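K.L.:
Numbering (the numbering used here), first residue to last: 428 to 577. Let me begin by handing over the structure; questions about it come next.
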């Protein structure tokens, strides 16, 4: 696959992965202090969002491919690897904090006794991941605009 196609797809898919991450971040101030029943109700809006995780996986793959394709182009290769490493960090954060909260609450369909602690972990891990994904998006964009034509 030509480098320009990979660049375009890496930027596009990383941007699409940023959308749900940003949505979580901007919803946080309105949700973080909701009472138990209201929070459980609001969490229902995320039903089916797991499929959006495909953008995250594909973004990681495309950013690694882009970094490999740009391996002889500096500084573009550094930006591409930064984007890929941000996506690795994104998944590490997700599996360390977000996913366990999803598991403990059956994807927010039940509320265990420690639900408020799980809410904090879930909300703040999404907030951090929004920032990480934003850095990934900026990095892959810089990789694309600093890369030479092939």
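Ideal placement from N, C-alpha and C gives every residue a C-beta, glycine not left out. If you're wondering where the values come from, they're calculated on a predicted model, not measured in any experiment.
1. From 514, 555, 473, pick the residue whose C-alpha is nearest to that of residue 487; which is it?
2. Taking all protein chains shown into account, decide if residue 546 is buried (16 or more other Cβ within 10 angstroms of its Cβ) or exposed.
3. Quick check: what's the CA-CA separation for residue 517 versus residue 464?
4. Could you give the uninterrupted runs of the alpha helix (DSSP H) lying entirely in the segment 476-564, keeping only those of 4 residues or more?
5. If we ignore side chains and look at the alpha-carbon of each, how far apart do residue 492 and residue 502 end up?
6. Since I believe residue 538 is in contact with residue 467 (beta carbons under 8 Å), could you give me their beta-carbon distance rounded to a whole number of angstroms?
P.N.:
The short version:
1. 514
2. Residue 546 should be labelled buried.
3. 29 Å
4. You should have 480-496, 503-520, 526-531.
5. 16 Å
6. Sure, about 6 Å apart at Cβ, within 8 Å.
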